[in-house]
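In full-length UniProt numbering, the protein residues as written are 1 to 283.
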Amino acid sequence: MKKYSSKIFCLFLLCALAAVACTSVDGGVRSSPLPTGGVPATATPAEPEAAPSPCASPSPQNTPAITPPATATPAASPQAAQTNGQDMAPAYSVSTRSVKRDGISVTYPQVEGLANAAAQQAINDTIDKTVQQAIADMGKEDTYSLNFEVMTQDEQILSLVMKGGLYYQGSAHPTSFAYTYNFDLATGQSRSLMAGRDPAYIAQAVQAGKITILNGDDEMKGYVVEYLTQVLDPEILGAAMAQADNGSADGVMTFEKDGQLCLVLPVTHALGDYCLARVDGVQ
């Protein structure tokens, strides 16, 4: 890891300069338009994260909400469920809806064909309301993009990662973000995959380097691993892990991929604002 030391110092210097500039024109710091207030629930969509983080996102100004037209198209390659070692397609599909206008480019998922109609409606309402609120919060000169990836799609769970970027007029730079949903198909509610697990153990695994970074090129992955294992304060990571999926800005979020626990972890802006990490050996 020594080869990254000088580069990491430069990255922190850049992040420190960016943090000074991350205020709105009127001097107020803005927060990212992600779901907050706990794991997104059907009745209460919100905006993400609030554990201490090295680089917080700016916050939006309110503008009138809009209702975009729905355009259903097949989602990109959802995973098949595994039953008794054989692949078996789940009995529902994930389609997409899109919103395109000046400064806004959003693609988000909707569930179709689920036998439990109430659960399907709850899932779609949760996703749709969060997206609509984020769009409504964008100013005329702001930009917002969003897409998604299906990480697990089977008969028990639909695990999604929503990824995007935003820029608020007057901010020093654009910000990248990610948030997750883990829908229980029996209830239609999104839940935390940290339930039943020891957050302290997961935090220790991350800081011991027992992770695989899923996004970014090989060089950036090396910087991210060094940051998580050598630079990030263990107490900060432990506190964030204990509050995983609480819907607060710059917090930790969970998702499932290939049957394993994965995390969205906040990192500095210079490192991409967030990373996707698989916790190796944790089912």
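Ideal Cβ placement from N, Cα and C applies to all residues, glycine included.
Delimiting residues of the beta strand (DSSP E) encompassing residue i
{"i": "valine 111", "result": "104-112"}
{"i": "glutamine 153", "result": "143-153"}
{"i": "asparagine 116", "result": "Element bounds for asparagine 116: n/a, residue is neither H nor E."}
{"i": "serine 190", "result": "No beta strand (DSSP E) contains serine 190, which DSSP labels as neither H nor E."}
{"i": "valine 99", "result": "93-101"}
As assigned by DSSP and simplified to three states, the class of residue i
{"i": "glutamine 230", "result": "helix"}
{"i": "glycine 238", "result": "helix"}
{"i": "glutamine 133", "result": "helix"}
{"i": "alanine 270", "result": "helix"}
{"i": "tyrosine 181", "result": "strand"}
{"i": "alanine 122", "result": "helix"}
{"i": "alanine 80", "result": "Because the pLDDT at alanine 80 is just 40, under 50, the model does not fix this residue reliably, and the value given afterwards should be weighed accordingly. It is coil, neither helix nor strand."}
{"i": "serine 162", "result": "Note that residue 162 is methionine in the sequence shown here, rather than serine. Strand at methionine 162."}
{"i": "leucine 214", "result": "coil"}
{"i": "alanine 72", "result": "Confidence at alanine 72 is low in this model, with a pLDDT of 39, below 50, so its placement is unreliable and the value that follows should be read with caution. It is coil, neither helix nor strand."}
{"i": "methionine 138", "result": "coil"}
{"i": "valine 282", "result": "coil"}
{"i": "tyrosine 168", "result": "coil"}
Anticipated Cβ contact below 8 Å, residue i with residue j, distance rounded
{"i": "alanine 203", "j": "methionine 241", "result": "4 Å"}
{"i": "glutamate 141", "j": "glutamine 169", "result": "4 Å"}
{"i": "valine 106", "j": "phenylalanine 255", "result": "About 20 Å separates the two Cβ atoms, so there is no contact after all."}
{"i": "leucine 265", "j": "valine 252", "result": "6 Å"}
Residue i, enclosing alpha helix (DSSP H) - first and last residue
{"i": "tyrosine 201", "result": "199-207"}
Same chain, Cβ closer than 8 Å to residue i, five either side skipped, listed in chain order
{"i": "glycine 103", "result": "Met138, Lys140, Glu141, Asp142, Thr143 and Tyr144"}
{"i": "glutamine 283", "result": "Gly259, Gln260 and Leu261"}
{"i": "asparagine 116", "result": "Leu185, Ala186 and Gly188"}
{"i": "arginine 197", "result": "Leu261 and Val282"}
Chain B within 8 Å of residue i, Cβ atoms only
{"i": "glutamine 156", "result": "Absent here is chain B; the protein component of the structure consists of one chain."}
Same chain only: Cβ atoms within 7 Å of residue i, ignoring 5 sequence neighbours per side
{"i": "asparagine 215", "result": "Cys275 and Leu276"}
According to DSSP, residues forming a beta bridge with residue i
{"i": "methionine 253", "result": "Val264"}
{"i": "isoleucine 157", "result": "Asp184"}
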